[in-house]
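Just below is one structure, and these are the notes that go with it.
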Amino acid sequence: MKSTRPEIDVFNELEKLCTSSGYIHAISFFCFRDNIYWYDEELTADDIVKLHSPDRLIRTEISTLIGLMIKKDIDFTIPNPNILGEYISKTEVLLKELHQSMVAPANDIFMDIIKSGKKDNPFMKGEFLRESIFYGGESAYDFQYLDLSVKKYKNDDEWFKHNKGFNIYDIKVVIDTITELQYENTYALREELLKTNPYEWTCLGIFSFSVDDIEDKTKLTKDVISNILNAFTIEKERNELFNTLGDFNIINSKPLIHLDENNYLLLQHYSFLEAFYETPYYWFIEDKSYTNTAMKHRGDFTEEFSLELLTKVFGKDNVHSNINIYDNKTRVGEIDVLVVFANRAIVLQAKSKKLTLEARKGNDKALSNDFKKAIQDSYEQGKDCAKFIQDKKYNLLDVNENEISIRNDFKEIYIFCVISDHYPSLAFQVDQFLEYKQSDIVKPPFVMDIFLLDVMAEMLSNPLHFLSYANRRTTHFKKISAQHELVTLSYHLKKNLFVTDEFTMMMLDDSISADLDQAILVRRKGIEGIDTPEGILTKFKGTIVGNFIDSINSFEDDYAIEIGFFLLTLSEESIEQINTGIQKTVDLFQKDGKTHDFSVGFDDISTGLTIHCNNLSYKEAYDKLLDHCQYRKYREQSNNWFGLCIDPYSKKIKFGTMSNKEWVYSKSMGNEVVERLVSNNIKIGRNEKCPCGSGKKYKKCCLLK
Numbered sequence: 014m015k016s017t018r019p020e021i022d023v024f025n026e027l028e029k030l031c032t033s034s035g036y037i038h039a040i041s042f043f044c045f046r047d048n049i050y051w052y053d054e055e056l057t058a059d060d061i062v063k064l065h066s067p068d069r070l071i072r073t074e075i076s077t078l079i080g081l082m083i084k085k086d087i088d089f090t091i092p093n094p095n096i097l098g099e100y101i102s103k104t105e106v107l108l109k110e111l112h113q114s115m116v117a118p119a120n121d122i123f124m125d126i127i128k129s130g131k132k133d134n135p136f137m138k139g140e141f142l143r144e145s146i147f148y149g150g151e152s153a154y155d156f157q158y159l160d161l162s163v164k165k166y167k168n169d170d171e172w173f174k175h176n177k178g179f180n181i182y183d184i185k186v187v188i189d190t191i192t193e194l195q196y197e198n199t200y201a202l203r204e205e206l207l208k209t210n211p212y213e214w215t216c217l218g219i220f221s222f223s224v225d226d227i228e229d230k231t232k233l234t235k236d237v238i239s240n241i242l243n244a245f246t247i248e249k250e251r252n253e254l255f256n257t258l259g260d261f262n263i264i265n266s267k268p269l270i271h272l273d274e275n276n277y278l279l280l281q282h283y284s285f286l287e288a289f290y291e292t293p294y295y296w297f298i299e300d301k302s303y304t305n306t307a308m309k310h311r312g313d314f315t316e317e318f319s320l321e322l323l324t325k326v327f328g329k330d331n332v333h334s335n336i337n338i339y340d341n342k343t344r345v346g347e348i349d350v351l352v353v354f355a356n357r358a359i360v361l362q363a364k365s366k367k368l369t370l371e372a373r374k375g376n377d378k379a380l381s382n383d384f385k386k387a388i389q390d391s392y393e394q395g396k397d398c399a400k401f402i403q404d405k406k407y408n409l410l411d412v413n414e415n416e417i418s419i420r421n422d423f424k425e426i427y428i429f430c431v432i433s434d435h436y437p438s439l440a441f442q443v444d445q446f447l448e449y450k451q452s453d454i455v456k457p458p459f460v461m462d463i464f465l466l467d468v469m470a471e472m473l474s475n476p477l478h479f480l481s482y483a484n485r486r487t488t489h490f491k492k493i494s495a496q497h498e499l500v501t502l503s504y505h506l507k508k509n510l511f512v513t514d515e516f517t518m519m520m521l522d523d524s525i526s527a528d529l530d531q532a533i534l535v536r537r538k539g540i541e542g543i544d545t546p547e548g549i550l551t552k553f554k555g556t557i558v559g560n561f562i563d564s565i566n567s568f569e570d571d572y573a574i575e576i577g578f579f580l581l582t583l584s585e586e587s588i589e590q591i592n593t594g595i596q597k598t599v600d601l602f603q604k605d606g607k608t609h610d611f612s613v614g615f616d617d618i619s620t621g622l623t624i625h626c627n628n629l630s631y632k633e634a635y636d637k638l639l640d641h642c643q644y645r646k647y648r649e650q651s652n653n654w655f656g657l658c659i660d661p662y663s664k665k666i667k668f669g670t671m672s673n674k675e676w677v678y679s680k681s682m683g684n685e686v687v688e689r690l691v692s693n694n695i696k697i698g699r700n701e702k703c704p705c706g707s708g709k710k711y712k713k714c715c716l717l718k
């Protein structure tokens, strides 16, 4: 469908429709159809996929409809089914036209650039970004807004009590109760519709509740309940400022509608949770005497929660916060959260910056300024600190001015730029705006919001899995396109994120996140269902290799990390081959008590693995394994060779080793390879290449000696 009308004309016609008699019943239908998922005894990914259908209205579209409806007094008359059907179909047509009218100016700019031959990047223009900002996916789950709001405002609790008449925990109780009431209303709707005249059918009852309903289910007083509801309720406002799609829509900060003294309406549950997380910010700004304190608390929350999440993954001893970096007595940098795990490091810089209203409208300057403050400045700080921690001349001090001693010979350093709020179209803006440098050690930045970090820490709770994802996400930084990072993470959990060199770009559809959505809902909301998507977290489970990956914390050395990374790159078939080989060496040891080994090479990645199973002392076993790895590495002319020593009784991996220098010809090593082959009665053909690696035929090389 191609729009021939300006966006404002379509918007105005939509406003006229939304203020029609009984239109609220069309909105309640959309909320019922597009925001509610149904499942039987267990929740599955298929139950959630419909929420990613392109045919449904997204939350920002429904918020637009509600925002336009409240510009006049709401008429609650139930329209007859024919009129209601017309409302629904006409709304869908106008919303599609509105989308096209928003895209049209961007297409014109794109064509002008092509015709003129200019080298301008059209995707950095506000006309392009407006569409992705409005139609981009949600970056947070509803329960995250609820749980994190309590953490975010816990230090502001006294202000809430004094100025609003309730505390932060009371809000959570009220929201939980409204959620429960709406669940009950939803299940009761079916029975009610069966008894109701079709001309009186409506979904509106799902979304209404009373102060009395909440009081009956909680220990809160009516005054506290009313204070909370009224703080998020539209009263006499008529949304006068909402005259274009990019204008302030009051329904986003006050999602409740007052029906009468005792009854309220909440059409979008998610909007209340998001308002709980974001609206108090504006209350604090109005209180000039408290603004600075509130802003400090806001910044502290992002750092403290990031610290909490990374500590859960890497352990308390490996995570540090508020690190000041000094060159003699001059402070040159500050790291909000620093993770050091074996030869990897994460430098996390936290920011509490929002996308402003002007930027949402498509103002180029505002978009650029917002991005600089929220992302670019954060990256620049992280980049400098990543350089400093590699140089021994700099000192690292914590907030108590105690010196922190860390290694400097990192193999990889990841820069995490974390923001505390939903930043619409974050992934797309990072791809267009972010200026960065990378090296063999310092990877491209990983830009995310606190909600993604929360989900990553939940699903990738093993340090190896967490670092492996950071490695793959930053390695393929420019090769992956998705509406938001949850889609990319979900794909990784299923397919082990990897983009071969033959592909320049991989586009990921929103529906891919359904598996992650299902798993996280099961974990966090107690719903029956599978709590881990089938993929990288399940395919090795219970195997010898899987147990090693799960126990990586107990090793925490360079070798273990490198071997773990290598194992995570392998296919299920390769892992099965390794597990089978390990079991055979264990069986052989149990028969004769001698050392047994198993080796496998991977020519396509110039890497191999040797397994030893014995009961020798650590030094003897280590020397024996390292010697074998170096021998096989040279013999196979591989650049990398890993070794693992298995305990024959527990089948657990005792230690690992590796040889990872690029293969080069060595006369002494070549002679040793030939000697070992001959002593083991391994026949070498006269016209074969000599095993010594010289490149000559055997008959003209070592056979002559």
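Add 13 to a position in the sequence shown, counting from 1, and you land on the number used in the numbering used here.
Virtual Cβ for every residue (Gly too), placed ideally from N, Cα, C.
This one's a predicted model, so the numbers in the text were calculated from it and none came from an experiment.
{"Check": "C-beta atoms of Asp-47 and Arg-18 nearer than 8 Å", "Outcome": "no"}
{"Check": "Simplified DSSP assignment, three categories, for Trp-172", "Outcome": "helix"}
{"Check": "Nearest neighbour of Gln-403, chosen from Ser-418, Asp-571, Glu-414, Gln-389 [CA to CA]", "Outcome": "Ser-418"}
{"Check": "One or two residues paired with Val-613 in a DSSP bridge", "Outcome": "Leu-622"}
{"Check": "Beta-carbon proximity of Met-5 to Glu-74, cut-off 8 Å", "Outcome": "An answer regarding residue 5 cannot be provided, because it is not within the stretch 14 to 718 covered by the chain."}
{"Check": "Cβ-Cβ distance between Glu-721 and Gln-389 below 8 Å", "Outcome": "This structure cannot settle anything about residue 721, because the visible part of the chain is limited to 14 through 718."}
{"Check": "Helix, strand or coil at Val-412 according to DSSP, with G and I counted as helix", "Outcome": "coil"}
{"Check": "Residue range of the alpha helix (DSSP H) that includes Asn-337", "Outcome": "Premise fails: Asn-337 lies in the beta strand (DSSP E), 332–340, not in any alpha helix (DSSP H)."}
{"Check": "Same chain only: Cβ atoms within 6 Å of Tyr-678, ignoring 5 sequence neighbours per side", "Outcome": "Gly-706"}
{"Check": "Limits of the beta strand (DSSP E) - the one that Lys-364 falls within", "Outcome": "357–364"}
{"Check": "Rounded Cβ spacing between Asn-356 and Asp-453 (contact assumed at less than 8 Å)", "Outcome": "About 13 Å separates the two Cβ atoms, so there is no contact after all."}
{"Check": "Alpha helix (DSSP H) runs wholly inside the region 181–226, at least 4 long, in chain order", "Outcome": "181–208"}
{"Check": "Alpha helix (DSSP H) runs wholly inside the region 461–486, at least 4 long, in chain order", "Outcome": "463–472"}
{"Check": "Closest by C-alpha distance to Phe-318, when choosing among Tyr-339, Gln-362, Lys-367", "Outcome": "Gln-362"}
{"Check": "With 16 other Cβ atoms within 10 Å as the buried cut-off, status of Met-469", "Outcome": "buried"}
{"Check": "Option nearest Phe-568 by Cα separation, candidates Asp-605, Thr-57, Leu-657, Arg-536", "Outcome": "Leu-657"}
{"Check": "Per-residue burial, Ser-302 [other beta carbons within 10 Å of its own, 16 or more giving buried]", "Outcome": "exposed"}
{"Check": "Nearest-angstrom Cα separation, counted from His-505 out to Lys-667", "Outcome": "29 Å"}
{"Check": "Length of the line joining the Cα atoms of Ile-428 and Ala-358", "Outcome": "9 Å"}
{"Check": "The alpha helix (DSSP H) enclosing Asn-240, as first and last residue numbers", "Outcome": "235–244"}
{"Check": "Residue nearest to Leu-217 in terms of C-alpha spacing, selected from Lys-230, Val-224, Ala-201, Asp-225", "Outcome": "Ala-201"}
{"Check": "Buried or exposed (CB count within 10 angstroms, at least 16 for buried), Tyr-7", "Outcome": "Within the shown structure, residues of the chain are numbered from 14 to 718, placing residue 7 beyond reach of any answer."}
{"Check": "Where Leu-690 sits in the DSSP three-state scheme", "Outcome": "helix"}
{"Check": "N- and C-terminal bounds of the alpha helix (DSSP H) containing Met-308", "Outcome": "304–327"}
{"Check": "Candidates Thr-257, Lys-185, Tyr-339, Glu-250: closest to Ile-241 by CA position", "Outcome": "Lys-185"}
{"Check": "Residues of its chain near Leu-466, where Cβ-Cβ distance is below 7 Å and the 5 sequence neighbours each way are ignored", "Outcome": "Ser-319, Leu-322, Val-431"}
{"Check": "Beta-carbon gap between Ser-474 and Ser-503 smaller than 8 Å", "Outcome": "no"}
{"Check": "7 Å CB neighbourhood of Pro-476 in its chain, flanking five on each side removed", "Outcome": "Val-326, Phe-327, Phe-354, Ile-565, Asn-566"}
{"Check": "The beta strand (DSSP E) enclosing His-271, as first and last residue numbers", "Outcome": "269–271"}
{"Check": "Gly-80, enclosing alpha helix (DSSP H) - first and last residue", "Outcome": "72–82"}
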